[in-house]
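Participant: Sharing a structure here in C-alpha cells format.
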Amino acid sequence: MPFLSLTMMSNIAFRLTLVFLLFSAVLSTPPEDPIKCATSENTTCTITNSYGAFPDRSICKAAQVLYPTTEQELVSVVASATRNKTKMKVATRFSHSIPKLVCPEGENGLLISTKYLNKILKVDVETRTMTVESGVTLQQLINEAAKVGLALPYAPYWWGLTIGGLMGTGAHGSTLRGKGSAVHDYVVGIRIVRPAGSEDGYAKVEILNEQHQDLSAAKVSLGVLGVISQITLKLEPLFKRSITYVAKDDSDLGGQVVAFGDAHEFADITWYPSQHKAIYRVDDRVPINTSGNGLYDFIPFRPTPSLASVFIRTTEEIQESTNDANGKCIVASTASNTLITAAYGLTNNGIIFTGYPIIGFQNRLQSSGSCLDSLQDALITTCAWDPRMKGLFFHQTTFSIRLSFVKSFIEDVQKLVELEPKGLCVLGLYNGMLMRYVTASSAYLGHQENALDIDITYYRSKDPMTPRLYEDILEEVEQLGIFKYGGLPHWGKNRNLAFEGAIKKYKSAEYFLRVKEKYDLDGLFSSTWTDQVLGLKDGVTILKDGCALEGLCICLQDSHCNPSKGYYCRPGKVYKEARVCTNLK
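Here the sequence shown stands for residues -28 to -1, 1 to 557, numbered as in mature numbering (1 follows the signal peptide of the UniProt record, and there is no 0).
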C-alpha cells in the first residue's frame, strides 16, 4: 500500500471514529472478567489484567477464586486459607494494574475477588464521610456522593477502578492543594482482614482510624497486608469547576510547569514533544451558583468502534514494520489535533461543545469511562484496549519527579527531540505525555514530596522480540525520569525496570515492612513479585535475549536488544549513563 494512501486512510479512520464517539449513544461491549476458570466451581483459574498481558507476558494461575459478598464471608475465606497456609491475592472487577500485583505464588494459590463487595455502607452528610466496601468503583462513589451533595475533591481520571484497588497502588488526580491529589490521603478509616493465629480463628479484622499508626501502611499497601473490607473517606460539599484547555508552544514549558501547578487547583498539562506543543488545563473552582452544566466524557474512554480500533492498530503495525516515521508523525498530528478540536470530550451541556470555559459540577467533570457503562453489543464497540479485539496494545511508563527537577527533565527531553525530531511522534497517538501534580503523602509508600507525575503510553509490539521505531528514544526518556532524576514509579503501572531499587527511594519503607510482618508473618499475601519490588528478594529485572525491548531489563549487552534486526545496546544520546537499544542499520 503506498505511503500516502495508508496515511490518508488512517487519518480518515481517526476522523470517522471521532464522529462516531461524538454523536453516538453509549453502546459498547464492557470488558470481560479478567479471571477465567476451567470449572463451574471456579477452580483451575487464570488471571490477567484489563489489557490482556503482564509486562513479562506470563499467565498467572490460581487453584481457585472465591467471591465473598460480606465481611463475614471474607473473614471465613481468609481464615480457611491461613489455616491451610494457602497463598492469597486480591483481585478487582477490572484488574487495571499492569504489573503482576494480582498473581498468587505458583498454581495452587487462591484469588479473592472483591467483585461483589460493592456496596455503599454509610453516608454521613453532617461529618461528610462515606463508608464503602472495597469493591465499590470510583464511578459509584462519585455518583452516590453527588446524590447527597458531597464530592471527592480529587480522583483519577478513569472511573473504572475500585476504591480498594486504587488505594493499593496510590492512584491519584492532579493538584498541589490541600492534602493533595491521591485518594488514599482522604481515607480516615479502614477495616482490613488479615491472617492471624489459631487463638484468633486464623483471621482478624484490623480497624484503623486516623489515630492508628498502621493506617499509613494500609493506605498504599500493594495488597500485601491482607484484604481491605471497608474504607471510610472524608468528602467535601459538592462544588463547581471551570475548565479551559489552552494550547501553547512548548519552548518555555520547563519554566512554566511549576508556576502553572501553583496557579490552578486542578491543573494538568498534556505535552506533545515532537509537535513542540503543550496543552495547559486551566481548571479551578467557581461559585456554586455559576451557570453551567458541563460534562467531561473523555474521548479515549468512550466506546470505540472495533473496526476502527483494528484499522488504526494495523496501520501503526505497518508503519512500525516499514520504519515509516513520516507516516506515524502525520497520523499522530491528526490524532492530537482532532482531540484538541473536540475539547478532549468536554461538552457545555452534556451534548455539544460550544466553547470554553466548560463549567459544571465536580461529579460531572472529575472522571469518566463510558465504555464501561453499557450492555453487550457483540463487540461492535469496546473500550479501545479490549484484548478481545486487535486494538490498542501498549506499554505505560509512569513516574513522579520532584518539582525542583522537572525543568531539567523537560529540557533533556527537548534535547532528545532536537536530535531525533520524529523520535516521540508516537506519543501523539496515545494522548501525549500527561503531566499531573501530586503532593507529599502520609502513606509510607505514597509520594515523598511535591512532584510532577508523568504518564507516558506508547506502542507495544505483539512480538516481544520486535523492536519499536525509535526504541532508544523512549527507553532514554524512561531512564532519564526514573534514574537520572530519581523518579518514583507508579505502583500500578510501568515495566519491570522502573522498580529496580525503587523501595530505597521511600524514607519510611522500613516502617511499612514492619507492619507487613506484623499483619502477615508467613507472607501469605505476598508473592515473588511483591517481595522483589519491596526489596526483599532480587530479580525485579529479568536478563534474557530481548529483555530490554520489553522493559524487563536495562540492556547490558547486545543480545538484550535484537542484533538480528539491527538493534544494539548503546549509551543514551543525552543521558550518557543510559543504556538503550539503538538501531544501527
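For every residue, glycine included, the Cβ atom is placed at its ideal position computed from N, Cα and C.
Going by beta-carbon coordinates alone, are Ile84 and Val62 separated by less than 8 Å?
Facilitator: Taking 8 Å as the Cβ cut-off, Ile84 and Val62 qualify as a contacting pair.
Participant: Is it true that the CB of His236 sits closer than 8 Å to the CB of Val218?
Facilitator: Cβ atoms of Val218 and His236: not closer than 8 Å.
Participant: Which same chain residues, not among the five before or five after Gln202, have their C-beta less than 8 Å away from its C-beta?
Facilitator: Contacts found: Glu43, Leu93, Thr103, Val104, Glu105, Ser106, Gly161, Ile162, Arg163.
Participant: Grouping DSSP H, G and I as helix and E and B as strand, with all else coil, what is Ser(-5)?
Facilitator: Any answer about Ser(-5) is weak, because its pLDDT of 49 lies below 50 and its placement is not dependable; what the coordinates show is given next. Residue state, collapsed to three classes: coil.
Participant: Quick check: Val120 and Val95, are their CB atoms within less than 8 Å of each other?
Facilitator: Closer than 8 Å, so yes.
Participant: Using only CA atoms, which one of Cys525, Tyr126, Gly507 lies nearest to Leu515?
Facilitator: Here the closest residue by C-alpha is Cys525.
Participant: At what residue ranges does the stretch 165 to 244 contain a whole run of the beta strand (DSSP E), taking only runs of 3 or more?
Facilitator: 175 to 181, 199 to 206, 212 to 221, 240 to 244, all fully within the stretch 165 to 244.
Participant: Are there 16 or more other CB atoms within 10 angstroms of the CB of Ala(-4), so buried, or fewer, so exposed?
Facilitator: The predicted model places Ala(-4) with a pLDDT of 48, which falls under 50 and marks its position as unreliable, so this point remains unresolved.
Participant: Candidates Glu182, Lys206, Lys249: which alpha carbon is nearest Thr99's?
Facilitator: Selected option, being the one with the closest Cα: Lys206.
Participant: I'd like the list of long-range same chain contacts for Thr20, defined as Cβ closer than 6 Å, with 5 residues on each side in sequence excluded.
Facilitator: Same-chain partners within the cutoff: Pro6.
Participant: Counting only the same chain and skipping the five closest in sequence on each side, list residues whose C-beta sits under 8 Å from that of Asn321.
Facilitator: These residues qualify, in order along the chain: Asn265, Gly266, Leu267.
Participant: Quick one, which of Thr86, Val97, Tyr126, Leu124 has its alpha-carbon nearest Pro108's?
Facilitator: Before going further, note that residue 108 is Val rather than Pro in the sequence given. Per the Cα distances, Thr86.
Participant: Taking the beta carbon of Ala10 as the centre, do at least 16 other beta carbons fall within 10 Å, making it buried, or is it exposed?
Facilitator: It is exposed - the Cβ of Ala10 has fewer than 16 other Cβ atoms within 10 Å.
Participant: Could you give the C-beta distance for Gly140 and Leu194, rounded to a whole number, given that I count them as a contact under 8 Å?
Facilitator: Right, their Cβ atoms sit about 6 Å apart.
Participant: Which residue's Cα is closest to the Cα of Ser22: Ser67, Gly150, Ala307, Phe371?
Facilitator: Among Ser67, Gly150, Ala307, Phe371, the Cα nearest to that of Ser22 is on Ser67.
Participant: Closest to Glu489 by CA distance: which of Asp186, Pro27, Cys397 is it?
Facilitator: For Glu489, the nearest C-alpha among the options comes from Asp186.
Participant: Look at the Cβ atom of residue 642, then the Cβ atom of Tyr491, and state whether they are nearer than 8 Å.
Facilitator: This structure leaves residue 642 out entirely; the chain is present only between -28 and 557.
Participant: Mind reading off the beta-carbon distance from Val282 to Lys362? Whole number of angstroms is fine, and I expect it under 8 Å.
Facilitator: The pair is a contact, with the Cβ atoms about 5 Å apart (cut-off 8 Å).
Participant: Glu105 bridges to which residues according to DSSP?
Facilitator: DSSP lists Gln202 as partners of Glu105.
Participant: Would Arg467 be called buried (16 or more neighbouring beta carbons within 10 Å of its own) or exposed?
Facilitator: Buried, since its Cβ has 16 or more Cβ neighbours within 10 Å.
Participant: Just to confirm, is the Cβ distance from Leu113 to Pro209 under 8 Å?
Facilitator: It is not a contact, given that the beta carbons lie outside the stated cut-off.
Participant: Distance, Cα to Cα, Ser188 vs Ser414?
Facilitator: Roughly 6 Å separates the two Cα atoms.
Participant: Can at least three beta-carbon pairs, one atom from the stretch 399 to 412 and one from the stretch 429 to 447, be found at a separation below 8 Å?
Facilitator: Enough Cβ pairs lie closer than 8 Å, so yes.
Participant: Is the stretch 532 to 548 in contact with the stretch 475 to 490, if contact means three or more CB pairs nearer than 8 Å?
Facilitator: Too few Cβ pairs lie closer than 8 Å, so no.
Participant: The beta strand (DSSP E) with Val552 in it runs from where to where?
Facilitator: Here the beta strand (DSSP E) through Val552 covers 551 to 555.
Participant: If you draw a straight line from the C-alpha of Ala350 to the C-alpha of Pro277, how long is it?
Facilitator: Distance between the alpha carbons of Ala350 and Pro277 is about 11 Å.
Participant: For Met60 and Phe497, which I take to be in contact (beta-carbon distance under 8 Å), what is that distance rounded to the nearest angstrom?
Facilitator: Sure, about 6 Å apart at Cβ, within 8 Å.
Participant: Identify whether Phe497 lies in helix, strand or coil by the three-state DSSP scheme.
Facilitator: Here Phe497 sits in coil by DSSP.
Participant: Using C-beta distances below 7 Å, list every residue in its chain close to Ile445, excluding the 5 sequence neighbours before and after it, in chain order.
Facilitator: Same-chain partners within the cutoff: Leu388, Glu392, Gly395, Leu396.
Participant: Go through the stretch 300 to 325 residue by residue and report every complete run of the beta strand (DSSP E) that reaches 3 residues or more, in order.
Facilitator: Correct list: empty.
Participant: Using the Cα positions of Pro439 and Val552, report the straight-line distance between them to the nearest angstrom.
Facilitator: One C-alpha to the other measures close to 11 Å.
Participant: Checking contacts by CB at 8 Å: is Val165 closer than that to chain D?
Facilitator: Here chain D cannot be found, since the structure has a single protein chain.
Participant: Between the alpha carbons of Val546 and Ile271, how many angstroms are there, rounded?
Facilitator: Rounded to the nearest angstrom, the two C-alpha atoms are 35 Å apart.
Participant: What residues in its chain sit with their C-beta under 7 Å from that of residue 581, if we drop five residues either side in the sequence?
Facilitator: The chain is shown from -28 up to 557; residue 581 falls before or after that span and cannot be answered.
Participant: Just to confirm the assignment, what range does the beta strand (DSSP E) spanning Phe366 have?
Facilitator: That run of the beta strand (DSSP E) goes 366 to 374.
Participant: Between which two residues does the alpha helix (DSSP H) containing Arg285 stretch?
Facilitator: Per DSSP, Arg285 belongs to the alpha helix (DSSP H) from 278 to 293.
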